[in-house]
Amino acid sequence: MLELKKLCAHYGMHQALADVEIHVGAGEVVSVLGANGAGKSTLLRCIAGLMPVKGAEMTLGGKALTGLKADQRVEAGIALVPEGRGVFGDLTVKENLFLGAYPRRARANEHRNLERVLELFPRLRERLPQSVRTMSGGEQQMVAIGRALMSSPDVLLLDEPSLGLSPLMVSELFKSLERVRDDKVSILLVEQNAKRSLALSNRGYLLEQGRVVGADSAGALLASEAVQRAYLGG
Ligand code: ATP
6 MLELKKLCAH
16 YGMHQALADV
26 EIHVGAGEVV
36 SVLGANGAGK
46 STLLRCIAGL
56 MPVKGAEMTL
66 GGKALTGLKA
76 DQRVEAGIAL
86 VPEGRGVFGD
96 LTVKENLFLG
106 AYPRRARANE
116 HRNLERVLEL
126 FPRLRERLPQ
136 SVRTMSGGEQ
146 QMVAIGRALM
156 SSPDVLLLDE
166 PSLGLSPLMV
176 SELFKSLERV
186 RDDKVSILLV
196 EQNAKRSLAL
206 SNRGYLLEQG
216 RVVGADSAGA
226 LLASEAVQRA
236 YLGG
């Protein structure tokens with residue numbers, strides 16, 4: 006499905022990613038774990054076409070992503086939920102969700118997709134006319150993920166979706182993500198909550214200073230002492 010090879014990214018002289026190789030299979034959930042500044046957000050931004058990359062091979066379903074602009078990548082099946090969500094506070098929940106349905110690939114199915122989003126996040130149903138600014142952080146995160154799902158993505162890129170949410174909201178969010186996974190949408194997940202994120206995932210990668218330094222099944226990573234020490238507070 007999503008294949009990345011030789012992915013390098015720079016901010017001026019600073020190399021944020023070096024020769025990253027990552028694979029996300031169809032219907033797979035894959036976590037990327039790493040300390041602050043490891044390059045996780047940069048990785049997602051590169052895949053979404055929001056940052057220039059040189060010489061990388063990036064394909065989705067065998068088709069090249071490199072050379073496509075951000076909107077063309079959405080059309081190809083990539084949807085990013087950025088850190089901080091990127092929702093429009095002055096617009097209603099419904100307006101935010103329908104903004105996600107602009108790609109041609111999604112237009113014909115927008116009502117079916119909306120129904121699915123409201124099944125995944127039942128809280129949003131009664132709040133469709135509410136302006137997003139007046140919602141809790143957790144609800145806004147649901148709007149952001151819902152908006153991404155409105156584009157009928159093949160791969161959902163999630164950047165720290167649980168950041169700043171209450172423990173109750175985090176549980177609700179991860180339950181919804183399980184249902185997204187059950188819909189066979191592939192997910193590449195960057196999360197500070199490594200335990201939850203690995204529990205949802207099939208596999209995971211460890212990113213350190215812009216390099217992949219480990220990759221394994223989620224079960225093996227959860228059991229690994231080094232991973233527990235570094236990311237699971239154990
Ligand atoms: P965090 O969890 O703290 O967001 P991260 O793993 O997502 O960290 P990135 O945000 O991808 O890390 O940043 C990777 C590196 O690139 C860091 O050293 C960071 O300081 C640097 N960096 C990120 N954005 C910029 C920018 N706009 N300009 C310059 N350097 C940047």
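To convert, note that position 161 of the sequence shown is 166 in the numbering used here; the numbers rise steadily by one, no gaps.
Just so it is clear, CB atoms sit at the ideal spot from N, CA and C, and this is done for glycine as well.
Counting only the Cα atoms, Leu9 lies some 12 Å from Lys68. Inclusion of Ser46 in the 6 Å shell around the ligand ATP follows from its C-beta lying nearer than that to a non-hydrogen atom of the ligand.
DSSP places Tyr236 in the helix class (H, G or I) of the three-state scheme. Residue nearest to Ser222 within the set Ile52, Arg216, Leu205 is Leu205 (criterion: CA-CA distance). Straight-line measurement puts the Cα of Leu22 at about 11 Å from the Cα of Ala61. Within the same chain, and ignoring the five residues on either side of Thr97 in sequence, the residues whose Cβ sits closer than 8 Å to its Cβ are Leu133, Pro134, Gln135, Ser136, Val137. A distance criterion of 6 Å places the beta-carbon of Gly39 in contact range of the ligand ATP, judged by its closest non-hydrogen atom. Remark: three or more beta-carbon pairs, one from each stretch, lie closer than 8 Å, so the segment 101 to 117 and the segment 74 to 82 are flagged as touching. Between Leu7 and Val29, the C-beta gap is smaller than 7 Å, which places the two residues in contact. For Lys74, same chain residues with a beta-carbon under 8 Å away, outside a window of 5 residues either side, are Gly54 in chain order.
Going by DSSP, Ser229 is part of no alpha helix (DSSP H) at all; its letter is neither H nor E.
Glu100 and Ala153 have their C-alpha atoms spaced approximately 13 Å apart. Sequence-distant Cβ neighbours of Ser157 in its own chain, meaning closer than 7 Å and more than five residues away, are Arg110, Ala111, Asn114, Asn118.
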